[in-house]
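In what follows, a single structure is set out as structure tokens and then discussed.
Residue numbers (our numbering): 1498 to 1631.
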């Protein structure tokens, strides 16, 4: 089976069924493409800045390491998740007891508790969680 290709408006060769980054962003947040078309900037850097600002405005979380994902302990709309709030309190308690970020991450991983994206805990994620940004 041979793939069909087309040239998009930026002159990039794409498979006909391949979606652009703007289409993927719109789909991810369940909005119409027309809402995110204004994010396209004159350069890739400008477009990236626009997308980060848009994600921050629409996701309810800080843009950074987990851009576009919900904060641990909260739904995308900011509603607290009880089980995850308990984990956050436990993490804060362990830190007050003097445990290192690594020890806390190892504890959560050994208990089978996953992060907001379903992955393993690492020291930087624990640090962001304690600082209020995970």
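Ideal Cβ positions, reconstructed from N, Cα and C, are used throughout, including at glycine.
Predicted model, so just to flag it, every value in this text is computed and none were measured.
According to DSSP, residue 1571 shares a beta bridge with 1577.
Excluding sequence positions up to five before and after residue 1606, its CB lies within less than 6 Å of the CB of 1617 and 1618, all in the same chain and listed in chain order.
Pairing residue 1520 with residue 1531, the inter-Cα distance amounts to about 9 Å. Straight-line measurement puts the Cα of residue 1542 at about 31 Å from the Cα of residue 1570.
Out of 1535, 1626 and 1595, the CA that lies nearest to the CA of residue 1586 is found in 1626. The three-state reading of DSSP puts residue 1620 in helix, counting H, G and I together. In this chain, the alpha helix (DSSP H) harbouring residue 1602 covers 1598-1607.
Distance from the CA of residue 1548 to the CA of residue 1624, rounded to the nearest whole angstrom, comes to 25 Å. Judged by their CB atoms, residue 1591 and residue 1601 are nearer to each other than the 7 Å cut-off. Buried is the label assigned to residue 1581, since at least 16 other Cβ atoms lie within 10 Å of its Cβ.
A straight line joining the alpha-carbon of residue 1610 with that of residue 1604 spans about 9 Å. The three-state secondary structure of residue 1613, taken from DSSP, is coil.
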